[in-house]
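The opening position of the sequence shown corresponds to residue 2 in my numbering, with each subsequent residue numbered one higher.
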Amino acid sequence: MTFFRFSPRTLLIAAVTLEVAGGLLIVFSLPAGGPPLWLGVALIAVGSLAMRGGLGRANAGREGEPEAPAATAARAADIEPELKKPAPRAVKLTTRGNLVAGVWIAAMLSAGALTYQHFNRLPPPRMKSMLASEGESAVAVIHRKETRAGETGQALYAIGYNFSDESGAAVRSSATVPRAVFASLAEGERLEVVYFPPDPAMHYLPEITSPVSTRTVWLALGILLAAAVFADAQRRVHKKLVAQGRAVSGCVAGVRRRGGVRSFLVNYDVAGERRSIGAAERNAALENGQSATVLYDPRRTERAVVYRLALYRAR
2 MTFFRFSPRT LLIAAVTLEV AGGLLIVFSL PAGGPPLWLG VALIAVGSLA
52 MRGGLGRANA GREGEPEAPA ATAARAADIE PELKKPAPRA VKLTTRGNLV
102 AGVWIAAMLS AGALTYQHFN RLPPPRMKSM LASEGESAVA VIHRKETRAG
152 ETGQALYAIG YNFSDESGAA VRSSATVPRA VFASLAEGER LEVVYFPPDP
202 AMHYLPEITS PVSTRTVWLA LGILLAAAVF ADAQRRVHKK LVAQGRAVSG
252 CVAGVRRRGG VRSFLVNYDV AGERRSIGAA ERNAALENGQ SATVLYDPRR
302 TERAVVYRLA LYRAR
């Protein structure tokens, strides 16, 4: 995938930028919603994918990097007391884990609300972009509301409305609308209508029409779902490692400053074999030679996490 050919640093910067931009779009689009909100959800989802890809490539790219001389003389540190308990250990989400969960819950609720809103409005017409650039606005008046049975027996909700074009000619039309829209309208109510002057029959009602297409909705939901699956996979790995992983004392090496974040390696030994895991955190006091506990899966030793950066803590 071309997107992931960028360097890990570029991916991480892009991920943070996308997620912050997505969050701002969501905040400023409320309560109206519409395309900015959907775009915000999509940016958060893509940012999460970029973050996972960037961290994964950073870890893979730095695997086996030589240990700094200061790290060789690092003092061994005791494993955290809670990790000395027999597995499986009771676990709880960290503050960071709760924050991540909260962001995802908010994103899912926003996506659900927007999806509900979309399917309770009329779909946008194919010529919407043309009408947006070349159309004229007028006021339509609802003169009729009726409920009738469809071919399969389901109830259909219809409204009749009329408006006058720029020449003063009367235009009458009707539309089958979702039940929620039908219930929200009353006879005599006025709605904005955007029509094509050469042919007023080509028009739509913006106030009861979804601002985005159904294809866009499914695409945004698909991206969000894919990102959620990746994020939940990471959460489950962290939970399993904290609950059942084997703890070993590691040594910090290769500390590098990237803005306010320090990227680094933690070198640790498994069955006499030296392993390294890449990580990053905001810690101005981080230095080579400091100790850090690593949790790894004895059955899949390449699966590991720095304990203090895990989404869970042992109770």
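Here a beta-carbon is modelled for each residue, glycine too, at the ideal position from N, C-alpha and C.
In the displayed model, M203 falls within a strand according to three-state DSSP. If you look at R236, you'll find it in the alpha helix (DSSP H) that goes 215 to 245. A straight-line Cα-Cα distance of about 22 Å links L123 and A43.
For the set A46, T148, E135, S130, the Cα lying nearest the Cα of A112 is the one of A46. The C-beta of R314 has 16 or more other C-beta atoms within 10 Å across all chains shown, which makes the residue buried.
Beta bridge pairing from DSSP links I143 with Y162. Sorting Y205, A232, V256, T177 by C-alpha distance to the C-alpha of Q155 places T177 at the top. When secondary structure is reduced to three states using DSSP, G279 falls in the strand class. Around the Cβ of A170, a 10 Å sphere holds fewer than 16 other Cβ atoms; the residue is exposed.
Across the structure, P179 and R145 are spaced so that their CA atoms are roughly 15 Å apart. Taking the Cβ atoms as the reference, Y205 lies roughly 57 Å from G246, outside the contact range of under 8 Å. Here L100 is exposed, its C-beta having fewer than 16 other C-beta atoms within 10 Å.
Secondary structure note for E288: it is in no alpha helix (DSSP H), with a DSSP letter that is neither H nor E. Excluding residues up to 5 positions away in sequence, A78, I80, E81, L84, A248, V249, S250, G251, V307, Y308, R309 lie with their Cβ nearer than 8 Å to the Cβ of T294 in the same chain. Secondary structure at T153: coil, using DSSP grouped into helix, strand and coil. A distance below 6 Å between beta-carbons, with the five flanking residues on each side excluded, links L19 to the following residues of its chain, in chain order: L44, V47, G48. With respect to A254, V243 sits apart: the two C-beta atoms are not nearer than 9 Å.
Excluding its 5 nearest sequence neighbours in each direction, P36 has C-beta neighbours in its own chain below 6 Å: P212, V213, listed in chain order. The criterion of a C-beta distance shorter than 9 Å is satisfied by L192 and I143. Looking at A184, A272, L157, E282, the one whose alpha-carbon comes closest to that of R301 is A272. In the DSSP assignment, A176 falls within the unbroken beta strand (DSSP E) covering 171 to 178. Rounded to whole angstroms, A229 and V194 show a C-alpha spacing of 39 Å.
Looking at I106, A280, G290, the one whose alpha-carbon comes closest to that of R259 is A280. Cβ atoms of F164 and A139 come within 8 Å of each other, at about 5 Å.
For R97, the enclosing alpha helix (DSSP H) covers residues 96 to 120. Under the DSSP assignment, S134 falls outside any beta strand (DSSP E), being part of the alpha helix (DSSP H) whose first and last residues are 129 to 135. Residue environment: G189 is assigned as exposed (fewer than 16 neighbouring CB atoms within 10 Å of its CB, all protein chains considered).
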